[in-house]
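> To convert, count from 1 in the sequence shown and add 55; that's the working numbering. From the three backbone atoms N, C-alpha and C, an ideal C-beta is built for every residue, glycine too.
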Amino acid sequence: MPAHATLPYRFEFDKNEVRNIVECNEQHGFAIVKGMLPPAMVEMLKAEVRRVLESVVQSSGVITYTHTHFIEFSPVYASLMAYEPYMQIARALNNDEPITLNRSAAIYKKAGCGPMAWHTDWGPLEHPYDTNAVLNNSGASSMWFYLNGIDDVRGGLAIIPDSHTEDWNAPEGFAFTKHNKSFYRKGDVPAPHTRMDDVPGAMPVIAEPGDMILFAERTYHGVYPHLGTETRLSCGMSFRKISYKPEQVWPLSESARRFIDSSAPEIKPFVEGYIGMGGDWRSVAR
């Protein structure tokens with residue numbers, strides 16, 4: 056029986072259970088929204104991930120590749136910002152305050168790919184910090200679609216429920232790495248831990264195509280080795296409150312500017328505050 060079957064609370068919801076979704080994410084650091092996308096949209100997004108990422112994978116020979124500003128190159132993905140069942144959740148995650156697109160990504164992961172170590176997306180704003188630290192200090196929750204479905208065999212996500220609070224302690228028998236970005240088994244080299252199945256409190260995320268996985272920016276998560284046979288395709292984005300004003304930001308890239316300028320009128324309000332990824336930008340102490 057999967058570990059998650061023993062949790063004493065619901066974490067899977069219908070897309071119309073907006074308040075329950077938000078409360079679960081706030082209380083436990085994650086939630087799963089069942090059937091968020093219809094099958095036709097799932098197939099369109101799978102085709103988009105292949106269109107944008109596959110040529111890079113084939114030419115470089117890598118077995119996994121992450122595109123860190125996927126939405127700037129995928130009008131199909133951007134069209135989700137006009138899909139009201141999706142956006143009502145995005146707004147509710149931000150207390151129904153005015154929001155803007157925070158960031159996006161897509162991942163192309165071939166069968167045979169190894170695990171991704173445990174980590175939290177959050178990072179401290181200590182100079183010199185990068186774009187990830189800025190975007191992952193905004194309070195934005197990740198909204199991911201694993202378009203083939205995921206489990207603990209097919210390169211699925213592992214998470215630690217309730218690990219999203221500032222005072223969360225490392226799992227029993229483990230200690231944090233620098234800045235609490237990951238953890239390692241006590242007595243071992245202090246490198247991020249890469250096993251998903253031996254961490255107290257951890258659970259596999261099991262989801263079908265079209266389900267949406269939410270998790271808070273501080274929630275600890277990792278990825279199982281991909282022991283399946285089908286390339287795993289996924290994409291995710293997050294939204295932040297417009298009121299979040301970083302102390303330092305980077306120049307808007309040309310692709311980000313084209314994306315904003317070409318956005319349809321119905322999604323324009325959600326991208327006017329978008330700042331893109333900023334490449335290799337680093338903050339400067341003042």
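Which residues share a DSSP beta bridge with Y239?
Bridge partners of Y239: A230.
> Output the boundary residues of the alpha helix (DSSP H) element that contains I87.
Per DSSP, I87 belongs to no alpha helix (DSSP H); it is in the beta strand (DSSP E), F85 to K89.
> Which residue comes first and which comes last in the alpha helix (DSSP H) that contains Y132?
P130 to A133 is the extent of the alpha helix (DSSP H) around Y132.
> Among residues of its own chain, excluding the 5 on either side of M171, which ones have a beta-carbon nearer than 6 Å to its beta-carbon?
Around M171: G277 and V278.
> Output the distance between the C-alpha atoms of K233 and P179, rounded to the nearest integer angstrom.
Cα to Cα, the separation comes out at about 11 Å.
> Given this structure, state the Cα-to-Cα distance separating T286 from T155, to the nearest angstrom.
Going from the Cα of T286 to the Cα of T155 covers about 31 Å.
> Determine, using beta-carbon pairs with one atom in the region 78-86 and one in the region 216-226, whether at least three such pairs fall under 8 Å.
The region 78-86 vs the region 216-226: in contact.
> At what residue ranges does the region 142-205 contain a whole run of the alpha helix (DSSP H), taking only runs of 4 or more?
Within the region 142-205, the complete alpha helix (DSSP H) runs of at least 4 residues are 186-190.
> Quick check on D69: does DSSP put it in helix, strand or coil?
Note: D69 maps to strand in three-state DSSP.
> Can you tell me the Cβ-Cβ gap for N76 and L269, rounded? I've got them flagged as a contact below 8 Å.
The question names Asn, but residue 76 in the sequence shown is Ile. Right, their Cβ atoms sit about 7 Å apart.
> How many angstroms separate the CA atom of I35 from the CA atom of R105?
The displayed coordinates of the chain run from 56 to 341. Any statement about residue 35 would go beyond what the structure contains.
> Using a Cβ-based criterion (distance less than 8 Å to any ligand heavy atom), does E272 qualify as near the ligand ADP?
The ligand content of the structure shown is nil, which means the ligand ADP is not present either.
> I need the boundaries of the beta strand (DSSP E) containing F270, first residue and last residue.
Where F270 is concerned, the enclosing beta strand (DSSP E) stretches over M267 to F270.
> Just confirm the distance between the C-beta atoms of F294 and A188, as a whole number of angstroms; I'd bet it's less than 8 Å.
Not confirmed; about 18 Å, so no contact.
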